[in-house]
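Take a look at the structure below.
Residue numbers (our numbering): 1219 to 1309.
Here it is in structure tokens:
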């Protein structure tokens, strides 16, 4: 059984140090817009360095699906746009 640390806000500097210390590979960020200009959430994904490219892509794809569904369910709203790190929109 793994123990979970309590959730707390983290500065971007702390996030960068945590990623570096854990030797993770920085992946995409997903920002969820519910209405134009109104973000509901943003998530930045980092994965283990030992993953193959295929496994990393599969994990990121599955995480995005799960996060999409969760944001939609919790916010009781349809996501109008998912903004990825490179600003490509997905509907």
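Ideal Cβ placement from N, Cα and C applies to all residues, glycine included. Being a predicted model, the structure only gives us computed values, none of them experimental.
Nearest-angstrom Cβ-Cβ length linking residue i and residue j, presumed shorter than 8 angstroms
| i | j | result |
| --- | --- | --- |
| residue 1259 | residue 1250 | 5 angstroms |
| residue 1179 | residue 1297 | There is simply no residue 1179 to check, as the chain begins at 1219 and stops at 1309 in what is shown. |
| residue 1282 | residue 1248 | 6 angstroms |
| residue 1244 | residue 1273 | Wrong, their Cβ atoms sit about 16 angstroms apart, outside the cutoff. |
Extent of the continuous alpha helix (DSSP H) to which residue i belongs
| i | result |
| --- | --- |
| residue 1239 | 1230-1239 |
Distance between residue j and residue i (C-alpha atoms, nearest Å)
| i | j | result |
| --- | --- | --- |
| residue 1266 | residue 1293 | 30 angstroms |
| residue 1234 | residue 1295 | 31 angstroms |
| residue 1227 | residue 1238 | 18 angstroms |
| residue 1242 | residue 1271 | 13 angstroms |
| residue 1304 | residue 1224 | Any reading at residue 1304 must be qualified, since the residue scores a pLDDT of 47, below 50, and its modelled position is unreliable; the value itself is stated next. If I take the Cα positions, the gap works out to 31 angstroms. |
| residue 1278 | residue 1291 | 20 angstroms |
| residue 1269 | residue 1257 | 31 angstroms |
Inset, instruction - Starting from the N-terminal side, write out each stretch of the alpha helix (DSSP H) that is 4 residues or longer and does not extend beyond the stretch 1241-1304. - result: Whole alpha helix (DSSP H) segments, 4+ residues: 1271-1293.
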